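> My questions will all concern the structure given below.
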Amino acid sequence: MDRYCVMGNPIEHSRSPWIQSRFAALMGHNLQYDKRLVPLDGFAQAIAAFRAEGGLGCNITVPFKFEAAAVADHQSPRAQLAGASNFLHFRDGGIHADNTDGAGLVNDIQNNAGVALAGRDVLLIGAGGASAGVLGPLIAAQARRITVANRTLGKAEALAARHAALAQAHGVQVDCAELAAVQTPYDVVVNATASSLSGAGVPVSPSVLKPGALALDMMYGPAAAGFMDWARAYQAIARDGLGMLVEQAAEGFLLWRGVRPPSAQVLAELRATLG
Ligand code: ATR
1376 MDRYCVMGNP IEHSRSPWIQ SRFAALMGHN LQYDKRLVPL DGFAQAIAAF
1426 RAEGGLGCNI TVPFKFEAAA VADHQSPRAQ LAGASNFLHF RDGGIHADNT
1476 DGAGLVNDIQ NNAGVALAGR DVLLIGAGGA SAGVLGPLIA AQARRITVAN
1526 RTLGKAEALA ARHAALAQAH GVQVDCAELA AVQTPYDVVV NATASSLSGA
1576 GVPVSPSVLK PGALALDMMY GPAAAGFMDW ARAYQAIARD GLGMLVEQAA
1626 EGFLLWRGVR PPSAQVLAEL RATLG
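Heads up: take any position in the sequence shown, counting from 1, add 1375, and you land on this note's numbering.
So, in structure tokens, the structure goes:
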């Protein structure tokens, strides 16, 4: 049987096995997808072991996304821009790394939330690994303007600088700001910080929300609740990261298996399962 897995630490609560198994069942693919807890100092060994067992690919989650890019023989352009990978494919004798997080976010916003990104103003809050994974695909979706806002301005500037050529190629304006300096309204606001997790509250002014704006936190469950409550209180449309999670998995399934699974159906099922 074709074998895949998700590797991370911690990994217990990963929904990826459930999602990928549903995709496989709905598409009639016979595959096994497990989760593996990887010791913090044992990532390269874990990859080598899974390859030796005949594994065909893995998803990679916290804290190994940077190491995943490093162990690869080949990186997709979007993985290179992100500087991190959530997806590995063992094929043609080598390790191919990709990053499907950004495509997952863009597909969730456009296909599931029904907000076309072309010509929109987007605020991306945060400049860590989560932001780095999505900035390129947001640019490629032809937003009009993307502001990267971060507590540490220098990190936002470095991320934007890395994407300058892509932004120019797509005619997209990418700028940077400190969190408190962002005041003007945006159509789409994406929280890619760990601020909800730390209980620090939402780090930007509500004036960033245009009436009816889409406000999306990449987290889901209790970790996203603070940001979503804030968004609703200011008449924005609040969205958690569950759709992004399913869509990045769908993009991975497509790359591994050559067909796109019914992600909207699986997202609805997952929401029902989680209550
Ligand atoms: P991840 O891979 O989840 O993005 P990360 O690379 O550690 O994790 O980045 C965390 C992001 O959340 C950063 O943008 C961080 O801001 P700094 O670059 O200034 O550190 C942001 N962040 C974390 N806690 C925050 C808080 N309480 N308020 C605002 N931003 C916060």
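Backbone N, C-alpha and C fix where the C-beta goes; we use that ideal spot for every residue, glycine too. What you are looking at is a predicted structure, and each value in this text was computed from that prediction instead of being measured.
Considering only the alpha carbon of each residue, which of A1647, V1490, T1559, A1493 lies closest to T1522?
T1559
> Can you tell me which of the three DSSP states H1545 falls into?
DSSP, read as helix, strand or coil, puts H1545 in helix.
> Run the CB neighbour count on N1525, radius 10 Å, all protein chains shown included, and call it buried at 16 or more, exposed below.
buried
> By the 10 Å Cβ neighbour count, where 16 or more other Cβ atoms means buried, how is A1555 classified, buried or exposed?
exposed
> Can you tell me whether DSSP reads F1441 as helix, strand or coil?
Helix.
> Quick one: what does DSSP say M1594 is sitting in, helix, strand or coil?
coil
> V1557: buried (16+ other C-beta within 10 angstroms of its C-beta) or exposed?
buried
> Does the stretch 1509 to 1517 come close enough to the stretch 1476 to 1491 to have 3 or more Cβ pairs within less than 8 Å?
yes
> Could you tell me how far apart the beta carbons of D1562 and K1585 are, in whole angstroms, since I believe they sit closer than 8 Å?
6 Å
> By the DSSP assignment, the alpha helix (DSSP H) with M1619 in it spans what residues?
In this chain, the alpha helix (DSSP H) harbouring M1619 covers 1617 to 1632.
> Could you tell me if the beta carbon of P1578 falls within a distance shorter than 7 Å of some heavy atom in ligand 1?
yes
> For V1564, which residues does DSSP report across the bridge?
V1564 is bridged to L1498, A1590.
> Shortest alpha-carbon distance to G1494 belongs to which of E1442, A1643, L1534, H1545?
H1545
> For V1621, which residues from the same chain have a beta carbon less than 7 Å from its beta carbon, with the 5 sequence-adjacent residues on both sides left out?
I1394, S1638, V1641, L1642, L1645
> What does L1463 pair with, by DSSP beta-bridge criteria?
C1433, A1472
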